[in-house]
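Numbering (our numbering), first residue to last: 29 to 425.
Right under this line is the structure:
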């Protein structure tokens, strides 16, 4: 979002907005508490929404790194955010990190180059406050489907250089980025470093990326949204965020950090320790289920929670958990399902906003209809059934 939410004016609306802000804050606390294990051990009667939602019977299989997950066909992977994927080279304190992003949708060669040139011209026309020169330091076409852009890290300073490689992989637009800088022993002073090693790595990665059409038939390696990243990385991290258009309040997220991402304590132990310190949260949430189970062929711990007062949210979490060392082929990852979440529906440019219903309102800065947090669109029974199906579907490619 580019600015604060501003529902229609009026005293009633203002009070209503304040109430929703308070509830949103409450759930934020609960979400953090759930992750840290600060929630109680009791059950409340099953929740059923006023209007029941029908979950489609059709299913689609997606790549999640080196694993597969099968979801209802209306679940779509959201990509395009900066650094959806992080590739690590080296596992010590001097490791190098490459940020990768797969833009949503499909691109023709002409559309790809149009976007590359837009980026190049936008950087060229921006001025850095420190150097008084252009943000763009260098640009080159590598080959028919890739380009390199070298730029300063931000508009205010000239402390580091960032190199971007834009590459068309099949019909997918991928951006790769690495920063070049040197620092003192205290990790405080930064200055520009030679970008040649970073750019050589980015070009190597771009040359090895492969497209795939079918997640179940993709070659070995880390995959996301139609692109295979088998590029010599030592560790890999990504966030796979799935949402639906007809159940906008649902968010399913896979947090994947293969080798070095596993927390010291698992969900059950975090909960046990936190509950002893934060027993006052007892009245705000209920535990639907907690257990040791499995996820994708490895031991896992699961905690399923819900709020006990409106807005009703389900917060389900499972995390791979065992004492075996993590590797690229035995990665750490966790899955979260949250319901009743705020969401927005974008309006096409130039189109007038439609009338809103209930608590929804128009947000002019984003030209979108915002739907605040609300009671879950799924009953407890539906959420549990969907969750168990999703967890059981996770398997190694």
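Here a beta-carbon is modelled for each residue, glycine too, at the ideal position from N, C-alpha and C. This one's a predicted model, so the numbers in the text were calculated from it and none came from an experiment.
### Message
Give me the residue from 118, 191, 115, 91 with the minimum Cα distance to residue 239.
### Response
When each option's Cα is compared against that of residue 239, the closest is 91.
### Under the three-state DSSP convention, the category residue 261 falls into
coil
### Task
To the nearest angstrom, report how far apart residue 405 and residue 397 are at their CA atoms.
Distance between residue 405 and residue 397, taken at the CA atoms: about 18 Å.
### Query
Where residue 223 and residue 131 are concerned, what is the direct C-alpha to C-alpha distance, given to the nearest angstrom?
25 Å
### Per-residue burial, residue 4 [other beta carbons within 10 Å of its own, 16 or more giving buried]
Because the chain spans 29 through 425 in this model, residue 4 falls outside it and cannot be assessed.
### Query
The beta strand (DSSP E) spanning residue 100 covers which residue range?
First-last of the beta strand (DSSP E) with residue 100: 95 to 100.
### Query
Helix, strand or coil: which one does DSSP assign to residue 183?
DSSP places residue 183 in coil when its eight states are reduced to three.
### Query
Between the C-alpha atoms of residue 368 and residue 298, what's the straight-line distance to the nearest angstrom?
24 Å
### Task
Please confirm whether residue 175 and residue 144 have their CB atoms less than 8 Å apart.
yes
### Message
Among the candidates 139, 273, 114, 241, whose CA atom is the shortest distance from the CA of residue 100?
### Response
273
### Task
Check whether the segment 251 to 268 touches the segment 139 to 155, taking contact to mean three or more Cβ pairs, one atom from each stretch, closer than 8 Å.
no
### Query
Using the rule of at least 16 other Cβ atoms within 10 Å of the residue's Cβ for burial, across every protein chain shown, is residue 288 buried or exposed?
exposed
### Query
Which partner residues of residue 194 appear in the DSSP bridge assignment?
175, 203
### Task
Since I believe residue 105 is in contact with residue 361 (beta carbons under 8 Å), could you give me their beta-carbon distance rounded to a whole number of angstroms?
Not a contact, Cβ separation roughly 15 Å.
### Query
Any idea what DSSP makes of residue 145, helix, strand or coil?
In the structure shown, the three-state DSSP call for residue 145 is helix.
### Query
DSSP state of residue 245, grouped into three classes?
helix
### Message
For residue 102, tell me which candidate among 110, 116, 191, 85 has the shortest Cα-Cα distance.
### Response
85
### Message
Tell me which residues share the same chain as residue 374 and place their Cβ nearer than 8 Å to its Cβ, disregarding the 5 neighbours each side in the sequence.
### Response
Excluding five sequence positions before and after residue 374, the CB atoms of its chain that fall closer than 8 Å to its own CB belong to 394, 395, 396, given in chain order.
### Message
Just to confirm before moving on: does the CB-CB distance between residue 418 and residue 83 stay below 8 Å?
### Response
Taking a C-beta distance under 8 Å as the contact criterion, residue 418 and residue 83 do not qualify as a contact pair.
### Message
Assuming contact is defined by CB atoms lying nearer than 8 Å, are residue 313 and residue 335 in contact in what I supplied?
### Response
Note that the C-beta distance between residue 313 and residue 335 is below 8 Å.
### Query
Looking only at DSSP bridge pairs, what is residue 391 linked to?
396
### Close Cβ partners of residue 123 (< 7 Å) along its chain, the five nearest in sequence each way excluded
116, 117
### Local Cβ density within 10 Å of residue 128, reported as buried at 16 or more and exposed below that
buried
#### Entry: Bounding residues of the alpha helix (DSSP H) (the contiguous stretch that carries residue 229)
From DSSP, the alpha helix (DSSP H) with residue 229 extends over 224 to 236.
### Task
Quick one: using the 10 Å Cβ neighbour count with 16 as the cut-off for buried, is residue 157 buried or exposed?
exposed
#### Entry: DSSP beta-bridge partners of residue 345
331, 364
### Beta-carbon contacts of residue 125 that lie in its chain and below 8 Å, excluding the five residues immediately before and after
Only 114, 115, 116, 117, 206 meet the Cβ criterion.
### Query
According to DSSP, is residue 115 helix, strand or coil?
DSSP places residue 115 in the strand class (E or B) of the three-state scheme.
### Message
Whole angstroms are fine: how far does the CA of residue 234 sit from the CA of residue 195?
### Response
6 Å
### Query
Is residue 140 helix, strand or coil by DSSP?
helix
### Three-state class that DSSP yields for residue 385 in the structure shown
coil
### Task
Assign residue 168 to one of three DSSP states: helix, strand, or coil.
strand
### DSSP three-state assignment for residue 414, whether helix, strand or coil
helix
### Assigned exposure category for residue 200 - 16 Cβ within 10 Å defines buried
Buried, by the Cβ-count rule.
### Task
From the DSSP output, in three-state form, read off residue 121 for me.
In the structure shown, residue 121 adopts coil according to DSSP, grouped into three states.
### Inter-residue spacing [alpha-carbon to alpha-carbon] between residue 403 and residue 179
46 Å
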